[in-house]
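Okay, structure first, notes after.
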Amino acid sequence: MSSGGVHIPTVGARLLMELRSETARADSKASLLLGAISMTVSLLGGLLAARGWSLSGLSVPGSVLLWVAVTALAGALGCLLLAVLPRYGTSRWSPGRPLTYFDDIRRAAEGGRLAEALAVTEAQQADGVLEALAQNSRIVGAKHRWIRAGLAAYCAGVVLLPIARLLG
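Per the working numbering, residue 163 is the first one in the sequence shown, and the count goes up by one each step.
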């Protein structure tokens, strides 16, 4: 099917492949940042134990800043976990519509209509590609928003930790 001289399934398939690659890259970024958070928390715990540093020895501003930093790191952890959380959405597949992702296939198979659904998908390639593009772009956008929020929270926590110690 063409639109303005552009063959939608071909261009759409290329864009869909790029979106799926971006999803994998986003998951890798989030996983790397999760590792950085765990290293930061381990380093902090190790320094506290090795130096005999006590939280009760902090001044009130230092203590408040320390808890703000810990909260920021916990927020970063939550954001990055949400970034790698699978986002399936709800399958809107129904008989007569093209299949767009694995849950559609599962629903068609459970209803005994997989062969019919495959035929519809073949006949309505452009519609299927457009729907898959919309779903995948929503997923990538959500992952990137959580990664940005997690990175910002992580950076804030890492900057505030030594400041809290200096205010000590």
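Virtual Cβ for every residue (Gly too), placed ideally from N, Cα, C.
Would you kindly check if the distance between the Cβ of residue j and the Cβ of residue i is under 8 Å?
i: residue 220; j: residue 330; result: yes
i: residue 234; j: residue 328; result: no
i: residue 285; j: residue 279; result: no
i: residue 209; j: residue 295; result: no
i: residue 195; j: residue 312; result: yes
Alpha carbons only, please: which of the options is nearest the one belonging to residue i?
i: residue 308; options: 192, 197 and 325; result: 192
i: residue 249; options: 303, 282, 222 and 204; result: 303
i: residue 242; options: 198, 172, 287 and 178; result: 198
i: residue 259; options: 240, 287, 236 and 311; result: 287
i: residue 317; options: 204, 295, 294 and 231; result: 231
i: residue 257; options: 265, 244 and 273; result: 273
i: residue 254; options: 293, 177, 238 and 214; result: 293
Using a Cβ-Cβ cutoff of less than 8 Å, which residues in the same chain neighbour residue i once the five nearest sequence positions on both sides are dropped?
i: residue 175; result: 291
i: residue 185; result: 298, 301, 302 and 305
i: residue 225; result: 217 and 326
i: residue 267; result: 261, 276 and 279
i: residue 200; result: none
i: residue 281; result: none
For residue i, which residues of its own chain have a beta-carbon under 7 Å away from its beta-carbon, when the five flanking residues on both sides are left out?
i: residue 325; result: 227
i: residue 283; result: 260, 261 and 290
Among residues of its own chain, excluding the 5 on either side of residue i, which ones have a beta-carbon nearer than 6 Å to its beta-carbon?
i: residue 189; result: 246
i: residue 216; result: none
i: residue 239; result: 199
Is residue i near the ligand NAP, with its Cβ less than 7 Å from a heavy atom?
i: residue 235; result: Within the structure as shown, the ligand NAP is missing, as the structure has no ligands at all.
Exercise. Residue ranges of each beta strand (DSSP E) run of no fewer than 3 residues wholly in the segment 236-282, ordered along the chain?
Worked result: none
For this session: Let me know the beta strand (DSSP E) ranges lying completely inside the segment 181-226, each 3 residues or longer, listed in chain order.
Result: none
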